[in-house]
C-alpha cells in the first residue's frame with residue numbers, strides 16, 4: 360500500500376532529488392504537492408498501512424486477514440455397460456459447485472462472492488468390428504457458469520459523486536450480467552486396424 364508519508368506528498372525517504380517534470384525545478388526536501396482528487400481516490404481505494412514500517416517499500420506495511428467461506432460440492436458418476444462381447448458403452452457425468460464468500464483481498468472493496476458451476480457429460484463407445492478392426496467413438500458436453508459480485512460495484516455512483524464528478528448517469532440501477540457461461544462440445548471417432556498375429 361502507499362505509505363502514509365507518500366499519501367501526504369512526503370517523499371523525503373527517497374535519496375534522489377525529485378524534480379517537477381514540467382518546470383525542471385527540484386522539490387524542496389522531496390515534498391511533492393498532492394492533488395486533492397488523487398488523495399481522495401487513494402484513500403478510498405487503498406487501506407492505510409497498519410505496520411510501523413515508515414516509508415519503507417521493501418517490507419509489508421499492511422497485514423490483513425481476509426476471512427471467507429469456501430464451499431465445494433460435487434458428484435461424479437460413471438456407468439460401464441457391455442452391450443455384447445464386442446460392444447462396450449461408457450458414460451460419465453460430473454456436477455461440481457464451488458462458492459467463495461467473504462471479504463475481498465482489499466478491505467476497502469467490501470465483500471465479494473464468486474460462484475462456479477460446472478456440468479459435464481461424456482460418453483465413449485467401443486466396438487470390435489473384426490479381427491483387425493476396432494472402432495471407438497467419444498463425445499461430451501461441458502458447461503461452466505461463473506458468477507462474480509462485490510459490494511463496491513454497487514457504490515460506484517456514490518464514489519464518483521464523492522470525488523466531485525457531476526452529471527454522470529446513475530449506475531445503481533444498471534447491473535451488467537454478472538455471469539459468464541462457457542459451453543464446450545467435443546466428439547471424436549477413430550478406427551484402428553491391427554494386423555493379426
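Numbering (my numbering), first residue to last: 360 to 556. By construction, the Cβ of each residue, glycine as well, lies at the ideal position given by its N, Cα and C atoms. Source: prediction; values computed, not measured.
For residue 477, name the three-state secondary structure that DSSP assigns. strand
N-terminal and C-terminal residue of the beta strand (DSSP E) that residue 441 is part of: 427-441
Helix, strand or coil for residue 457 per DSSP? strand
Of the listed residues 455, 367, 396, 519, nearest to residue 414 (C-alpha basis): 367
I'd like to check one pair, residue 396 with residue 523: are the Cβ atoms closer than 8 angstroms? yes
How many angstroms separate the CA atom of residue 371 from the CA atom of residue 412? 15 angstroms
Bridge partner(s) assigned by DSSP for residue 390: 369
Please classify residue 467 as buried or exposed, where buried requires at least 16 neighbouring CB atoms within 10 angstroms. exposed
Distance between residue 509 and residue 449 (C-alpha atoms, nearest Å): 42 angstroms
In DSSP terms, what residue 482 is bridged to: 450, 498
From residue 422 to residue 458, what does the alpha carbon distance come to, in whole angstroms? 25 angstroms
Taking the CB atoms as reference points, tell me whether residue 394 and residue 377 lie closer together than 8 angstroms. no
Three-state secondary structure (DSSP) of residue 378: strand
Taking 7 angstroms as the limit between beta carbons, can you name the residues of its chain near residue 369, skipping five residues before and five after? 390
Per DSSP, the bridge partner or partners of residue 489: 492
In chain order, what residues of the same chain lie with their CB nearer than 6 angstroms to the CB of residue 399, ignoring the 5 residues before and after it? 522
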